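Engineer: A single structure is presented below for examination.
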Amino acid sequence: MSLVFALAIYFIIWWIVLFAMLPIGVRTTEEAGEKSSPGFAESAPHRPRLLPKMLATTVVSAIVFAGVYAVIVHKVIKIDDIPFFPRYEAVQESR
Numbered sequence: 001m002s003l004v005f006a007l008a009i010y011f012i013i014w015w016i017v018l019f020a021m022l023p024i025g026v027r028t029t030e031e032a033g034e035k036s037s038p039g040f041a042e043s044a045p046h047r048p049r050l051l052p053k054m055l056a057t058t059v060v061s062a063i064v065f066a067g068v069y070a071v072i073v074h075k076v077i078k079i080d081d082i083p084f085f086p087r088y089e090a091v092q093e094s095r
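Sequential numbering of the sequence shown, starting at 1, is according to the UniProt record's numbering.
This is the structure in structure tokens:
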């Protein structure tokens with residue numbers, strides 16, 4: 001696996017995990033017990049806490065990437081190990 005490919009895979013995993021982490025622990029201003037300011041949507045997060053979420057995303061993404069790396073490079077799981085993939089027989093050319 002080349003470095004550029006590894007970085008691209010990590011970047012994709014990081015973004016997917018970030019979007020999964022964003023709604024965790026989010027409360028609206030009303031849920032926080034305060035009055036909404038004019039000009040803001042009522043559903044806007046009161047304190048989104050983006051930095052801790054980005055740090056948690058980085059850690060979780062590193063763990064997921066380690067698994068993907070093991071599957072791709074060290075072939076921990078092979079295609080034949082996946083039970084629902086169809087099995088194709090080698091076709092021999094007749095002459």
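Glycine included, every Cβ here is placed at the ideal spot set by N, Cα and C.
All values reported here derive from a predicted model rather than from experimental measurement.
Could you give the residue range of the alpha helix (DSSP H) that holds residue 53?
Structural biologist: Here residue 53 refers to the residue found at position 53 of the sequence shown. Start and end: 50-73.
Engineer: Return the CA-CA distance between residue 11 and residue 83, expressed in angstroms with no decimal places.
Structural biologist: Position 11 of the sequence shown holds residue 11. Position 83 of the sequence shown holds residue 83. Going by the C-alpha atoms only, they are around 29 Å apart.
Engineer: Just the C-alpha distance for residue 48 and residue 21, rounded to the nearest angstrom, thanks.
Structural biologist: Translated into the one-based positions of the sequence shown, residue 48 becomes position 48. Translated into the one-based positions of the sequence shown, residue 21 becomes position 21. Using only the alpha carbons, I get a separation of about 11 Å.
Engineer: At 4 residues or longer, what runs of the alpha helix (DSSP H) sit wholly inside the region 9-33?
Structural biologist: Segments of the alpha helix (DSSP H) lying fully in the region 9-33: there are none.
Engineer: Please report the straight-line C-alpha distance between residue 31 and residue 69, rounded to a whole angstrom.
Structural biologist: The residue you call residue 31 lines up with position 31 of the sequence shown. The residue you call residue 69 lines up with position 69 of the sequence shown. In a straight line, the C-alpha of residue 31 is about 41 Å away from that of residue 69.
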